[in-house]
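If you read the sequence shown in the numbering used here, its first letter stands for residue 115, the second for the next number, and so on.
Worksheet: one structure, shown below.
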Amino acid sequence: LSSQPQTPTIKKAVSPSSSAVHLRGPFQAVSVPGRRPLSEHFGTVVTITVGPQKKAFVIHKDVLCFCSDYFRAAFNGSFKEAIEGKLSLPDEDADLFYIVNGFVYTRQLRQEDRQTGPQLSHRTLGQLWAFGDRYLMPALQNTAMDACIKRISLSNNGWFTGESMEREYGQTSEGSPLRRFLVDWQAHKSEQSKERLGQWPQEALVDLATTLSSMKSEHRGINKLPDDRGKCYYHVHAEGEHC
């Protein structure tokens with residue numbers, strides 16, 4: 115048998131009423147950040163080694179699986195990972211996984227330097243969202259998204275550099291909530307800089323043009339996201355689930 119876990123097949127569709135992404139299929143991982151694991155989840159532990167330095171993290175298996183369908187598939191069944199209780203993520207960053215490890219227990223995004231939530235950089239929040247996308251952790255994605263929205267709202271800085279847009283588009287797929295948020299924020303700014311936008315990747319410019327062409331007149335130039343959008347507008351949820 116191959117040691118690579120077989121993850122569930124999940125299709126994403128955008129709800130026309132909320133624009134939240136809904137996951138359809140054998141989806142079990144919690145998507146509402148406020149839902150916590152039960153006492154029964156604190157049993158068996160597993161070891162995950164991360165990065166080229168193989169930093170080891172010991173985590174309660176069912177706590178991790180409560181948050182991730184990827185790890186549920188990896189640690190249940192007849193695969194090597196399930197038998198040995200060990201999994202290697204050589205291409206991931208250990209500092210980022212430190213935040214993920216803390217999140218599955220506390221629902222907080224906290225770096226080793228004690229920076230939390232909106233205090234984290236845009237780069238780190240984007241990386242956390244993308245990690246959640248790769249490993250099917252919707253609650254992590256939604257928490258990172260909420261922190262990103264709060265951070266940028268507090269700073270009132272709607273400009274994303276060409277470098278940052280290249281990075282975010284490189285680690286996300288077409289129509290993803292993170293892409294939509296980045297483009298929507300720029301679209302609602304009162305000023306558009308041709309010089310700065312000229313550094314954006316072509317795909318992002320197409321998304322921006324599409325968004326601007328369909329925008330309501332009362333939403334133009336308001337320098338913030340519209341107030342009529344619900345909390346879950348940029349979230350990822352199982353069908354029928356919401357915050």
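Just so you know, even glycine gets a beta-carbon here, dropped at the ideal spot from N, CA and C.
Three-way DSSP call (helix, strand, coil) for residue i in this model
i: Lys-200; result: strand
i: Lys-175; result: helix
i: Thr-163; result: strand
i: His-333; result: helix
i: Ala-352; result: strand
i: Ser-116; result: At Ser-116 the pLDDT is 39, less than 50, meaning the model places this residue with poor confidence and gives no usable figure here.
i: Thr-238; result: helix
i: Arg-310; result: helix
i: Thr-275; result: coil
i: Tyr-219; result: helix
i: Leu-339; result: coil
i: Asn-256; result: helix
i: Asp-247; result: helix
i: Ser-192; result: coil
i: Leu-152; result: coil
i: Lys-345; result: coil
i: Glu-305; result: coil
i: Cys-262; result: helix
i: Cys-357; result: coil
Neighbour-count burial assignment, residue i, 16 or more Cβ in a 10 Å radius
i: Glu-353; result: exposed
i: Val-164; result: buried
i: Asp-176; result: buried
i: Thr-324; result: exposed
i: Asp-183; result: buried
i: Phe-156; result: exposed
i: Cys-237; result: Inspection of the sequence shows that residue 237 is occupied by Arg rather than by Cys. Result: exposed.
i: Ser-287; result: exposed
i: Leu-339; result: buried
i: Arg-334; result: exposed
i: Asp-247; result: buried
Spatial distance of residue i from residue j (CA atoms)
i: Gly-191; j: Glu-305; result: 54 Å
i: Ile-336; j: Lys-303; result: 6 Å
i: Asp-227; j: Ser-235; result: 13 Å
i: Gly-344; j: Asp-260; result: 12 Å
i: Arg-138; j: Cys-346; result: At Arg-138, the pLDDT of 45 sits below 50, so the modelled position is not reliable; the number obtained from the coordinates is stated separately. Near 17 Å, if we compare the C-alpha coordinates of Cys-346 and Arg-138.
i: Lys-200; j: Tyr-249; result: 16 Å
i: Ile-229; j: Ile-213; result: Looking at the sequence provided, one finds Gln at residue 229 rather than Ile. In a straight line, the C-alpha of Gln-229 is about 10 Å away from that of Ile-213.
i: Lys-169; j: Phe-217; result: 18 Å
i: Leu-152; j: Gly-276; result: 43 Å
i: Val-160; j: Cys-357; result: 29 Å
i: Leu-319; j: Thr-220; result: 38 Å
i: Ala-196; j: Ala-188; result: 6 Å
i: Phe-295; j: Pro-315; result: 16 Å
i: Phe-171; j: Glu-317; result: 37 Å
Proximal residues to residue i (C-beta, below 8 Å), its chain only, five neighbours per side dropped
i: Glu-355; result: Ser-145, Val-146
i: Phe-180; result: Ala-143, Val-144, Pro-151, His-155, Val-218
DSSP bridge partner residues for residue i (one or two, in chain order)
i: Lys-169; result: Val-164
i: Thr-230; result: Arg-224
Residue i CB to nearest heavy atom of the ligand ZN below 8 Å
i: Lys-338; result: Summarising the ligand content, the structure contains no ligands, and the ligand ZN is consequently not present.
Min CB distance residue i to chain D below 9 Å
i: Met-251; result: Absent from the structure: chain D. Only one protein chain is present.
Cβ shell of residue i (< 6 Å), same chain only, five flanking positions each side left out
i: Val-297; result: Asp-321, Leu-322, Thr-325
i: Lys-308; result: none
Beta-carbon proximity list for residue i, same chain, < 7 Å, skipping 5 on both sides
i: Ala-301; result: Leu-322, Thr-325, Leu-326, Met-329
i: Trp-243; result: Gln-255, Ala-258, Met-259, Leu-292
i: Leu-223; result: Ile-213, Phe-217, Thr-230, Gly-231, Leu-234, Leu-242, Thr-257, Ala-258, Ala-261
i: Glu-206; result: Val-164, Gly-165
i: Ile-162; result: Phe-171, Ile-173, Leu-201, Leu-203
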